[in-house]
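A.B. asks: Shown below is the structure under consideration.
Protein chains: 2
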Amino acid sequence: MSTRLTKMAENREKLIASARRAFAQQGYAAASMDSLTAEAGLTRGALYHNFGDKRGLLAAVVDQIDSEMAAYAKSVGAKAGDAWLGLLAEGAAYIEKALDPEVRRIVLLDGPSVLGDPSQWPSQNKCLQSTRNTIEQLIKDGTLKPVDPEAAAMLLNGAALNAALWIASSANPQAMLPKTLEAFNLLASGFLTKD
Amino acid sequence: MSTRLTKMAENREKLIASARRAFAQQGYAAASMDSLTAEAGLTRGALYHNFGDKRGLLAAVVDQIDSEMAAYAKSVGAKAGDAWLGLLAEGAAYIEKALDPEVRRIVLLDGPSVLGDPSQWPSQNKCLQSTRNTIEQLIKDGTLKPVDPEAAAMLLNGAALNAALWIASSANPQAMLPKTLEAFNLLASGFLTKD
DNA sequence: GGTTTAACATACGAGGCGTATGTATAATAT
DNA sequence: ATATTATACATACGCCTCGTATGTTAAACC
């Protein structure tokens with residue numbers, strides 16, 4: 001039961017969980033590796049062995065959060081009536097999830113600075129690929145105008161994430177959310193062949 | 196001629212210019228304040244006196260770049276036939292300017308991480324206010340559907356900046372630019388009352 | 001059961017930031 | 001005009017953090 005691989009996997013999880021807290025509360029730059037490893041009952045040795053460096057640890061944390069977001073958005077989108085409404089629902093789900101301070105700080109603010117353009121991340125790439133497929137299908141059946149599917153997916157995704165950042169730092173987030181979702185849906189309807 | 200105020204202003208400019216190079220080439224975190232001040236013929240003493248801390252220096256650099264971008268976008272937008280085409284032209288100008296590696300690295304990647312949500316920056320705020328006014332006018336004259344002007348301006352701005360990041364890190368930026376601009380215009384047309 | 005391997009801990013060195021103090025020059029007052 | 005003051009900037013110091021190099025212990029394998 002206490003085989004090496006399972007123990008290593010447990011330690012990885014501990015470190016990711018601890019880093020997630022530290023990065024969320026203090027930001028990536030201010031978070032000390034000594035502190036967060038100690039909080040996990042380990043040392044920097046474990047960290048460097050498992051993730052290479054501080055950047056690798058952030059990549060693992062971002063991947064975890066991003067995957068959670070994508071899974072939730074997809075599940076919400078699947079419940080919608082058709083593919084088009086599903087796309088809108090996914091966008092709305094993304095915006096709501098990105099209102100979480102943890103997501104904002106780690107994924108939206110520090111992530112791009114340390115890891116580069118989000119569309120190149122494995123997690124985001126999977127998400128983009130998924131919405132791209134949906135868009136291609138909607139173009140085929142005539143729901144959407146013939147537009148570059150990659151560019152369209154990226155624009156919708158980017159607008160959603162940026163919107164979350166804006167809502168969160170606004171004076172009254174609760175009031176801005178519905179207005180923004182309305183504007184987002186209107187914007188997305190620009191791709192429709194007809195109203 | 197060599198009054199204290201003018202000399203101080205000159206030194207401020209020197210430091211901003213040097214920091215702009217250093218932040219663009221090495222990134223904010225990796226840029227050393229000793230190096231960039233030495234390159235400007237000064238020391239960290241001048242830096243801390245003028246800008247408070249490293250963060251203050253970045254804020255000054257971001258403000259300069261962002262203001263240049265906004266001025267350019269506005270000048271391009273003013274040349275367009277009407278207010279609606281002007282809005283699209285401003286978006287396109289923003290995307291093109293943001294393809295500059297310096298802009299990407301400093302304003303789009305490091306800026307949000309260190310300074311927080313861009314829509315709260317003085318420079319971006321001015322830009323958003325401007326497009327918001329244009330949108331309000333376009334709603335009044337019936338060109339655009341009744342949508343929250345602030346949210347709409349933010350969505351267009353965010354989509355444009357995110358698009359630039361995506362284009363720049365794509366395999367073939369030159370080929371993606373026109374496709375993306377087409378998709379962006381289509382997206383924006385979602386706000387129009389009619390095609 | 002001995003050997004090897006690897007996951008993790010410990011120890012070390014380098015570099016950067018922020019502050020506290022020092023200095024020289026321009027502005028001001030008498 | 002000279003003495004005083006204020007300030008823009010330089011210098012010096014200490015603390016913290018990261019990355020690596022080495023050491024140690026326990027599981028895996030023959």
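Those protein sequences? They're chains H and S, same order as listed. For the first sequence, this note's numbering begins at 1 and goes up steadily by one. For the second sequence, this note's numbering begins at 196 and goes up steadily by one. All C-beta atoms, glycine included, are put in the ideal place defined by N, C-alpha and C. Please read all numbers here as calculations on a predicted model, not as lab measurements.
1) By the DSSP assignment, the alpha helix (DSSP H) with S75 of chain H in it spans what residues?
2) Please list the terminal residues of the continuous alpha helix (DSSP H) segment that includes R299 of chain S.
3) Along the chain, where does the alpha helix (DSSP H) that runs through G86 of chain H open and close?
4) For N352 of chain S, does the count of other Cβ atoms within 10 angstroms reach 16, so buried, or fall short, so exposed?
5) Using 8 Å for Cβ pairs, my map puts L202 of chain H next to A358 of chain S. What's the rounded Cβ distance?
6) Just tell me which of H:L15, H:R21, H:R132 has its CA closest to the CA of G41 of chain H.
7) What residue range does the alpha helix (DSSP H) around T329 of chain S cover?
8) Indicate whether at least one CB of chain H lies closer than 7 Å to the CB of L325 of chain S.
9) Going by DSSP, what residues sit across from L242 of chain S in a beta bridge?
10) Grab me the residues of L323 of chain S's own chain with a C-beta within less than 8 Å of its C-beta, minus the 5 sequence neighbours each way, in chain order.
11) Whose C-beta lies closer than 7 Å to the C-beta of D34 of chain H among residues of the same chain, with five residues either side of it excluded?
12) Leaving out five residues before and five after A287 of chain S in sequence, what residues of the same chain have Cβ atoms less than 7 Å from its Cβ?
13) When you compare only the Cα positions, how much space is there between S169 of chain H and S123 of chain H?
14) Within the continuous alpha helix (DSSP H) that includes D229 of chain S, where are the two ends?
15) What residues from chain H crowd round G385 of chain S, counting only those whose CB sits closer than 7 Å?
16) DSSP three-state label for L144 of chain H, please.
17) If I'm right that Y28 of chain H touches D110 of chain H with Cβ under 8 Å, what's the distance once you round it to whole angstroms?
18) Please confirm whether V147 of chain H and A378 of chain S have their CB atoms less than 7 Å apart.
19) Which residues share a DSSP beta bridge with L237 of chain S?
20) Would you call T193 of chain H buried or exposed, if buried means 16 or more other Cβ atoms sit within 10 Å of its Cβ?
21) Taking the Cβ atom as the reference point for each residue, do L187 of chain H and G385 of chain S lie within a distance shorter than 7 Å?
22) Measuring alpha carbon to alpha carbon, tell me which of H:V62, H:N125, H:L161, H:G77 ends up nearest L115 of chain H.
23) What residue range is occupied by the uninterrupted alpha helix (DSSP H) comprising S375 of chain S?
24) Please classify A175 of chain H: is it buried, with 16 or more other beta-carbons within 10 angstroms of its beta-carbon, or exposed?
25) If you check the beta carbons only, do I260 of chain S and V302 of chain S fall under 7 Å apart?
26) Indicate whether A22 of chain H and A31 of chain H have their beta-carbon atoms separated by less than 7 Å.
27) Do you know whose CA, among H:A59, H:R20, H:M8, lies nearest W121 of chain H's CA?
28) To the nearest whole angstrom, what separates the beta carbons of P307 of chain S and P112 of chain H, a pair I think is in contact under 8 Å?
29) Could you spell out the range, first to last residue, of the alpha helix (DSSP H) harbouring L387 of chain S?
30) Can you pull the chain S neighbours of K54 of chain H, defined as C-beta to C-beta under 9 Å?
31) What are the residues of the stretch 136 to 156 of chain H that lie near chain S, defined by any Cβ-Cβ distance shorter than 7 Å?
32) Run through chain S and tell me which residues come within less than 9 Å of A171 of chain H, C-beta to C-beta.
33) Where do the ends of the alpha helix (DSSP H) carrying P112 of chain H lie?
34) From the DSSP output, in three-state form, read off S169 of chain H for me.
C.D. replies: In terms of the structure at hand:
1) Start and end: 54 to 78.
2) According to the DSSP assignment, R299 of chain S belongs to no alpha helix (DSSP H), since it is labelled neither H nor E.
3) Counting along the chain, the alpha helix (DSSP H) containing G86 of chain H begins and ends at 83 to 97.
4) Around the C-beta of N352 of chain S, 16 or more other C-beta atoms lie within 10 Å, and the residue is accordingly described as buried.
5) In this structure chain H extends from 1 to 195, so residue 202 of chain H is not present and cannot be described.
6) Of the listed residues, the one whose Cα sits closest to G41 of chain H is H:L15.
7) 317 to 335 is the extent of the alpha helix (DSSP H) around T329 of chain S.
8) For the record, residue 325 of chain S in the displayed sequence is Ser; it is not Leu. By this cut-off, S325 of chain S is not an interface position.
9) According to DSSP, which records beta bridges pairwise, L242 of chain S is partnered with nothing at all.
10) Once the five neighbours on either side are set aside, the close Cβ partners of L323 of chain S are S314, E345, A348, M349, N352.
11) Only R44 meet the Cβ criterion.
12) If we look at A287 of chain S and ignore the five residues flanking it on each side, its Cβ neighbours are L376.
13) Rounded to whole angstroms, S169 of chain H to S123 of chain H spans 25 Å at the Cα level.
14) For D229 of chain S, the enclosing alpha helix (DSSP H) starts and ends at 228 to 234.
15) Residues of chain H whose Cβ lies closer than 7 Å to the Cβ of G385 of chain S are, in chain order, L186, L187, A188, S189, G190.
16) The three-state secondary structure of L144 of chain H, taken from DSSP, is strand.
17) Contact flag correct, Cβ pair sits at about 4 Å.
18) Annotated as proximal: V147 of chain H and A378 of chain S, with beta-carbon spacing under 7 Å.
19) Note: L237 of chain S is not bridge-paired with any residue in the DSSP secondary-structure output.
20) T193 of chain H is exposed by the Cβ-count criterion.
21) Yes.
22) Closest in C-alpha terms to L115 of chain H, from the list H:V62, H:N125, H:L161, H:G77, comes H:V62.
23) Sequence inspection shows Thr at residue 375 of chain S; the Ser mentioned does not correspond to that position. Where T375 of chain S is concerned, the enclosing alpha helix (DSSP H) stretches over 368 to 383.
24) Exposed.
25) For I260 of chain S and V302 of chain S, yes; Cβs fall inside 7 Å.
26) Closer than 7 Å, so yes.
27) Closest option to W121 of chain H, Cα to Cα, is H:A59.
28) Confirmed, Cβ separation roughly 7 Å.
29) In the DSSP assignment, L387 of chain S falls outside any alpha helix (DSSP H) and carries neither an H nor an E.
30) The contacting residues do not exist; K54 of chain H stays about 10 Å from chain S at best.
31) Of all residues in the stretch 136 to 156 of chain H, the ones placed with a Cβ closer than 7 Å to any Cβ belonging to chain S are K145, V147, D148, A151, A152, M154, L155, in chain order.
32) Taking the beta carbon of A171 of chain H as reference, no residue of chain S falls within 9 Å; the closest one sits roughly 11 Å away.
33) 111 to 115 is the extent of the alpha helix (DSSP H) around P112 of chain H.
34) Coil.
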